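These notes are about the structure you will find just below.
Protein chains: 2
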Amino acid sequence: MTAADAAAGLARLQRRDTRLDSYVDRYAARTHGMTASAIRALFAVANRPEVVSLAGGMPNISDLPLDVVGSVLNELVVSDGRRAMQYGSGQGEPVLREAICEVMKLEGITAHPDDVTVTVGSQQGLDLVTRLFCDPGDVVLCEAPSYVGALGVFRAYQAEVVHVAMDEHGLLPGALAEALAALKTAGKKAKFLYTIPNFQNPAGISQPLERRTEILRVAEEGDLLVVEDNPYGLLGFDGDPVPAMRSLDAERVVYLGSFSKTFAPGFRVGWVLAPHAVREKLVLAQESATLCPPTFSQFAVASYLHNHDWRGQIKLFREMYRERRDAMLAGLADHMPAGTSWTVPGGGFFVWVTLPPGLDSHAMLPRAVTARVAYVPGTGFYADGLGSRHMRLSYCFPTPERIIEGTRRLGEVMQYETDVLATFGTMVESGSPTDRLYESPGTNQR
Amino acid sequence: MTAADAAAGLARLQRRDTRLDSYVDRYAARTHGMTASAIRALFAVANRPEVVSLAGGMPNISDLPLDVVGSVLNELVVSDGRRAMQYGSGQGEPVLREAICEVMKLEGITAHPDDVTVTVGSQQGLDLVTRLFCDPGDVVLCEAPSYVGALGVFRAYQAEVVHVAMDEHGLLPGALAEALAALKTAGKKAKFLYTIPNFQNPAGISQPLERRTEILRVAEEGDLLVVEDNPYGLLGFDGDPVPAMRSLDAERVVYLGSFSKTFAPGFRVGWVLAPHAVREKLVLAQESATLCPPTFSQFAVASYLHNHDWRGQIKLFREMYRERRDAMLAGLADHMPAGTSWTVPGGGFFVWVTLPPGLDSHAMLPRAVTARVAYVPGTGFYADGLGSRHMRLSYCFPTPERIIEGTRRLGEVMQYETDVLATFGTMVESGSPTDRLYESPGTNQR
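As you go down the protein sequences, you meet chains F and A in turn. Residue 205 is where the first sequence starts when you use the numbering used here, and the numbers rise one by one after that. Residue 205 is where the second sequence starts when you use the numbering used here, and the numbers rise one by one after that.
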């Protein structure tokens, strides 16, 4: 299959699947809203070796010491296999929950293992939290843009997403207060604010401490629960981590954590730290969803943490990602056409790019894949159809050389689109609607 | 903690938790129905060594060759760790889905790996299937009694459970047809029938082939989808497995499978085999719920199947469980008071006991735990509050000696209750309501 074939396949995947489904009359209302995301279609075509994928959010785990992990797991099975391979607690294994509290201390969180519920990655944490709180039609507040996987969860529970604008320091407290006031006027109440304070997915932006305090003050005034999603917090490139929102308010914040980026995602071990009453409900929801999260995965992670210098390993990851971030910023500076801007992440995996006026990231994607580079169009990160002037680029997985080559290919595609636009006129209404409704978090530009 | 303390603790747990929950006004409607089950409360007290637990459904994995599993996992990490510890496919890894099709062949199922979706145990399979099909108020048909964990899932999705009577050959086709007719009269339609055809949990009863055919015929006439849950199918004590319902009708049956009882539950690997259109929706639901099922678990199970004589291992499991089943039947015959009846399982883990008239299994439980024996009261297996004259006994985990000792202790408690009843009069209305509404599947008695 050539890249052009792949691009044609992608375009087909993007069209609505019209095959006959004889079960269509039987589905629940929520199921009719389930459609394959652009990211999902992408994975089918962007994983071929000739394509530089700046699309995926896969961590680069090639630095993990496989011999250490292998012997740790062998030892686990031989010495404690009958427990590690058995059903376990619906809340998660105590030995792991204790270790999780140690990990959270690095971001200023003081917590008791009793208040931790282990989940199948933090994705399931978000799924269970949404299950507990959201009836159909309930409002969830999210950053604009926000994590595509979170928007999918809110959609699956038929919640209504209301986006709140960001600037280069993250979610705007004033915009949050306005959103709360507008909801009040409309007779609605938000069930919670979903926010990623560190190295946000997709914007790559972080909230400084003062911003977190301001957001929590607005939340308190509006009696708003905050769901803090923090997969990347320990992957900052500069200085110590900023204290987690949970460290500032233990009763208002439900915290989602994950080992997917600090160890490995394949074990699917995440967690929720929640106030006691919520934690009790979470465990019941977990038992209903899975009986218990994977016992073996939990013992595996706990054994890894016990037998390996995991703090040193995270440092290695940080340095590796910093080098990739630098490559991406250099590549963007060299290759983006005039009128493009982008964020400068201080950690994590992502850069958020704002295209020159007139370009449409969704329409451009098949042409980019034909040119052997892939990204995620911005539209996936908005629940309201905006985002076509943006794209998410990830630097987590490819090598620095490939990242620079990817930005070069992408720059060529964008330059071509810009030239076509100049010759044949605007392809979309001047200025994307995104610009009219949300602040753009872009801070660097050409 | 003494057994008496534990029993008092259990009684406390059974009372409604009245602590203040400051989040109570924020929960979704479904969350208000989530309460700790009797089984859950039991686990807290029945796991102490002096109690013979005939309550849990934990498989006995002590015969697994830990050295083999340990070295298989070590080899997996060293040779393929970067793939096995990475994010994977939302549908599940192809190598495992192929192996799953081999396993299903043993019960007459011909299936393509494309139609398999891997889940976090078959519990998550049921959760996702219910998510796809059930709006609040939708009807699900279930055997009476049915698996407590399934009833919990249906409750979590606010579905209405309608029980269908069984006899010693399982679900009664006539009762199913009547239930469908009654629903039609009421202007309702069942979303699906949930059934466990092999060694049913909790009744220990199996449907012969003719019964399966009859049930499927009624389902076809009523345009009813069938969800076949089959965790125990390969653990039969007599002859070859009966062909799965899925092998008789590939378009009407959604099949749930699991490695929890044929290998080990701690990896949490189950699967759903579903018609293509449903499978597509399942994968989207899985991505929303977890991004992907645990990759490492999947590679671990696939490597185990590839490197070990898993068919021979299942034979060992079968012999071990048969010995325990025999011990339980012998213990019941020796120790149950007159007026007790029970089922004779041909495989699986459970015996369903019908108590002498006037006894209440729920009320008796704290006294049983004080006498150092635990079981699950029948009420957990009915969505409509019935079941107090029944209890589920499991023989899967304790040794044969402990099983016999457990039935002895239980017999003493029941005899004491019967004597108290004879002295002080009936404790409940004569005859349990269960008997009036459902056939009793009890076939053996004293």
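For each residue, glycine too, the CB sits at the ideal point set by N, CA and C. All values derive from a computational prediction rather than experimental measurement.
The three-state secondary structure of Pro581/A, taken from DSSP, is strand. Below 8 Å, too few C-beta pairs join the stretch 434 to 442 of chain A and the stretch 464 to 471 of chain F to call them touching: fewer than three.
If you look at Thr417/A, you'll find it in the alpha helix (DSSP H) that goes Leu413 to Glu425.
Listed as beta-bridge partners of Thr622/F by DSSP are no residues whatsoever. Using beta-carbon distances, Phe403/F does not count as an interface residue toward chain A, since no partner is under 8 Å. Secondary structure remark: continuous beta strand (DSSP E) runs of at least 3 residues inside the stretch 438 to 491 of chain A, in chain order: 457 to 462 and 473 to 477. In this structure, DSSP gives Cys305/A a helical state, which the three-state scheme calls helix. Under the 8 Å criterion on CB atoms, Met262/A is classed as interfacial with respect to chain F. The DSSP assignment places 320 to 324 as complete runs of the beta strand (DSSP E) inside the stretch 310 to 342 of chain A, in order along the chain (cut-off: 3 residues). Chain F has a Cβ within less than 8 Å of the Cβ of Lys395/A. Those residues of the stretch 293 to 327 of chain F placed with their C-beta closer than 9 Å to a C-beta in chain A are Ser293, Gly294, Thr323, Val324, Gly325 and Gln327, ordered along the chain.
Any Cβ of chain A closer than 8 Å to the Cβ of Lys485/F would place that residue at the interface, and such an atom is present.
Arg483/A and Cys496/A have their alpha carbons spaced roughly 14 Å apart. Across the set Ala537/A, Ala390/A, Gly610/A and Ser326/A, the C-alpha of Ser326/A shows the shortest separation from the C-alpha of Phe471/A.
Chain-ordered listing is empty here: chain F has no CB closer than 7 Å to the CB of Ala379/A, the nearest sitting near 22 Å. Not a single C-beta of chain F is nearer than 8 Å to the C-beta of Gln490/A. With a cutoff of 8 Å on beta-carbon distance, Met262/A and Tyr291/F are scored as near each other.
At a Cβ-Cβ threshold of 8 Å, Val368/A and Leu380/A count as neighbours. For the options Arg416/F, Asp267/F, Ala506/F and Ala386/F, the alpha carbon positioned closest to that of Gln517/F is the one of Asp267/F. DSSP places His367/F inside the beta strand (DSSP E), whose first and last residues are Glu364 to Asp371.
Between Leu258/F and Ser592/F the beta-carbon gap is near 18 Å, outside 8 Å, which marks them as no contact. From the listed residues Asp339/A, Leu452/A and Thr622/A, the smallest Cα separation to Ala315/A is found for Leu452/A. Taking the Cα of Tyr579/F as reference, the smallest distance to any Cα among Glu425/F, Arg234/F and Gly260/F is reached at Gly260/F. Residues of the same chain with a CB within less than 6 Å of the CB of His539/F, apart from the 5 flanking positions on each side, are Thr611, Arg612 and Gly615 in chain order.
Between Ile607/F and Arg528/F, the gap from beta carbon to beta carbon is short of 8 Å. Judged by their CB atoms, Val431/A and Val333/A are nearer to each other than the 8 Å cut-off. Going by C-alpha positions, Thr603/A is about 27 Å away from Ala567/A.
Note that the stretch 496 to 509 of chain A touches the stretch 299 to 310 of chain A; at least 3 beta-carbon pairs, one per stretch, sit closer than 8 Å.
Secondary-structure assignment with DSSP links Cys346/F through a beta bridge to His367/F and Tyr398/F.
Chain order gives the chain F residues near Val282/A as Leu270, Asp271 and Gly274, where near means a beta carbon separation below 8 Å. Distance from the CA of Val473/F to the CA of Asp427/A, rounded to the nearest whole angstrom, comes to 40 Å. Contact note: Cys338/A reaches chain F through Ala232, using a C-beta cutoff of 7 Å and chain order. In the three-state reduction of the DSSP assignment, Leu590/A falls in the coil class. Between Glu609/A and the set Pro570/A, Gly551/A, Met532/A and Ala504/A, the nearest pair of CA atoms involves Met532/A. Classified as exposed, Arg421/F has fewer than 16 neighbouring CB atoms from the shown chains inside 10 Å of its CB. Residue ranges of uninterrupted beta strand (DSSP E) with 3 or more members, entirely inside the stretch 486 to 565 of chain F and ordered along the chain, are 554 to 558.
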